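Trainee:
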Amino acid sequence: MGEVGIITLERDAGRLLDCKVRMNFCPLGACALAGTGLPIDRFMTSDALGFTTPMRNR
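With the sequence shown counted from 1, adding 188 to any position gets you my numbering.
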């Protein structure tokens, strides 16, 4: 494989880990398609589902 292949794999592994950090937000309750009419605690729900935090409601 060589040094270039190892460097490429290390770069790709770093990108995958970075992707998890960037995408680890709970969408539940953030918009019309993933919302609910019930008064839920979005922070408790995202924590219970294993997300870092809920998505911002824009």
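Idealized CB from N, CA, C, for every residue including glycine. Treat the numbers as computed from the prediction; the structure is a model and nothing was measured.
Using the Cα positions of P227 and K208, report the straight-line distance between them to the nearest angstrom.
Mentor: Taking the first residue of the sequence shown as 1, we reach residue 227 at position 39. Taking the first residue of the sequence shown as 1, we reach residue 208 at position 20. Computed Cα separation, rounded: 28 angstroms.
Trainee: Does T196 come out as helix, strand or coil in the three-state DSSP assignment?
Mentor: Working through the sequence shown from its first residue, we reach residue 196 at position 8. Reduced to three states, the DSSP call for T196 is helix.
Trainee: Could you tell me the distance, in whole angstroms, from the CA atom of G202 to the CA atom of T224?
Mentor: Taking the sequence shown and counting its residues from 1, the one referred to as residue 202 is at position 14. Taking the sequence shown and counting its residues from 1, the one referred to as residue 224 is at position 36. In a straight line, the C-alpha of G202 is about 36 angstroms away from that of T224.
Trainee: Would the beta-carbon of N212 fall within 7 angstroms of that of T240?
Mentor: Looking up residue 212 in the sequence shown gives position 24. Looking up residue 240 in the sequence shown gives position 52. Yes, they are a contact pair.
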